[in-house]
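Numbering follows this note's numbering, with no gaps: position 127 of the sequence shown is 326. Using N, Cα and C, we set each Cβ at its ideal position, and we do this for glycine too. Scroll down for the structure; my scribbles are underneath it.
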Amino acid sequence: MEQTLLLAFLLGVGSLLVMILVFKINAFLSLLISSIVVGISSGMELMKIVDTVISGMSSTLGFVATIVGLGAIFGALLEYSGATEKLAQKMLSFTGEENAPYALSIAGFFIAVPVFFDVAFIILVPVIYALQKKTGKSLLIYAIPLLASLAVTHAFIPPTPGPIAVADIIGADLGWVIYFGFIIGFPTAIIAGILWGNFIGKKIHVSIPPEMEAVQSERLQGKGPGAWTIIAIILFPIVLILFNTVNNELYPELFSEDVLKAMAFIGHPIVALLLTTLICIFYLRIKYHVGLDKLQELSMKSLGPAGIIILITGAGGVFKTMLTESGAGALLAQKVSTMAVSPIILSFMLALIVRLMQGSATVAMITAAGIMGTILSPTMAPQELALIVLSIAAGASGFSHVNDSGFWLVNRYLGISEVTTLKTWTAMTGILSITALILILILSAILSF
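Listed below in structure tokens is the structure:
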């Protein structure tokens, strides 16, 4: 029986990688097929396999689909308002051109909370183009800090889809993920973005690609919301989630039971993000008279990319559930418990291997979470689970290369060769990944005292 379950696990993971890497089958289909392979090869009854697929999908998507959908609409509304570019410009006005990399790093860190990585980068490209044109310095000095911050937030700070999905699959508390995400993320963005960007920018001079100078996207006509309004809106859901987690975990004796229940309701990620999205809608409608048809169009358009992430996440949940129901997960947990490898290192390596082989950080995160979800002890502290979410994020962020769409996005918008992209962008993601892992291990050691 033990050999059968071990074979089932290996066949499931192996078929998943072969389908994605060799046959280029969509990750959603690959995860579903691999889940069925695990069920059949482990000897599960055929109808139980079908029931497990349904239960795995529904149990994962109940939370994740709502969060990702709300986050997509929220981000689309902010993008339309011109918020991201305005926030970057405001940061630049405080820091000046000399410290522009710091301004771009801070702006990117917060902007990627509601807006997808690629969208945020494309929106802010005109800002880094303008700085390069004005100063004559290498475009990399401005682009790398921005890219590093966007990548860090995209992987480490909920309510972005990756950490939301991983936290749900392994049962981590989002408040702790956000809290530790900021602690790990800020120094990681400085090292991988500002320090590396300044170093490589002095080695390699990159100018604005002539064909990219006219990058534009649709914006709200007129003045639009101010930078401080934008910052307040972006931080609003994060503060609500954090406030609820900190009070319930650390200071429950300060409040009555009814107050704690109210805070738990308002600070739940779904409610916090729903309230924020509604604030954005009413703000644009009342303050800037944005038409209902336009608001509906923005909302519907944003759900296209979100739908892909939701389906892949659901299939990742199916994979985890199938490993659990088949018994392969329990066997794997027993085997891993005898190994001298910490869960943080193991989760990092799993995510990094999948990332290197198939490219997508989101797929790498969900695949690693599906495996780790069957291994982790249910008695683990919420702080430990949060660090494992971040270690998965760190591994999934590492060493982006030619099989990653982000590689080609940077290659195109910076107008650099593939070799230069490897020297700059790929190196940056490698530094980011390893730096984050080191910081996670340090934080884990501090918490264990």
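The way I'd put it, the segment 255-275 does touch the segment 502-512; three or more beta-carbon pairs between them come closer than 8 Å. Judged by DSSP secondary structure, D372 falls outside any alpha helix (DSSP H); it is assigned neither H nor E. By the 16-neighbour rule on beta-carbons within 10 angstroms, Q331 is buried.
Rounded to whole angstroms, the Cβ separation of T475 and F435 is 5 Å, and the two are in contact under 8 Å.
When only Cα atoms are considered, Y612 and F309 end up about 21 Å apart. Within the segment 536-584, complete alpha helix (DSSP H) segments of at least 4 residues are found at 542-557 and 560-571, given in chain order. One thing to note: S304 has its Cβ within 7 Å of the Cβ of P344. For L330, the enclosing alpha helix (DSSP H) starts and ends at F316 to T334. Comparing C-alpha distances from I469 to each of S616, I363, I630 and V517 shows the shortest one belongs to I363.
For E496, the uninterrupted alpha helix (DSSP H) run begins and ends at L491 to S525, by DSSP.
In this structure, DSSP gives S643 a helical state, which the three-state scheme calls helix.
DSSP places H404 outside both helix and strand once states are collapsed to three, so it counts as coil.
Distance from the Cα of T628 is smallest, within the candidate group A347, I219, E296 and I272, for A347.
Pairing I377 with P357 gives a Cβ-Cβ distance under 7 Å. By the 16-neighbour rule on beta-carbons within 10 angstroms, P577 is exposed. Buried is the label assigned to K285, since at least 16 other Cβ atoms lie within 10 Å of its Cβ.
Non-local beta-carbon contacts of I633 in its own chain, meaning distances under 6 Å to residues more than five positions away in sequence, are absent. The C-beta separation of T352 from V312 comes to about 6 Å, placing the pair in contact by the 8 Å criterion.
Residue environment: T334 is assigned as exposed (fewer than 16 neighbouring CB atoms within 10 Å of its CB, all protein chains considered).
For the options V458, S229 and G516, the alpha carbon positioned closest to that of G261 is the one of G516. Between the segment 373-393 and the segment 573-587, the count of Cβ pairs shorter than 8 Å is three or higher; the stretches touch.
Shortest Cα-Cα distance from G211 to any of L276, L522, V438 and I511 involves L522. An exposed status is given to A461, since fewer than 16 other beta-carbon atoms sit within 10 Å of its beta-carbon.
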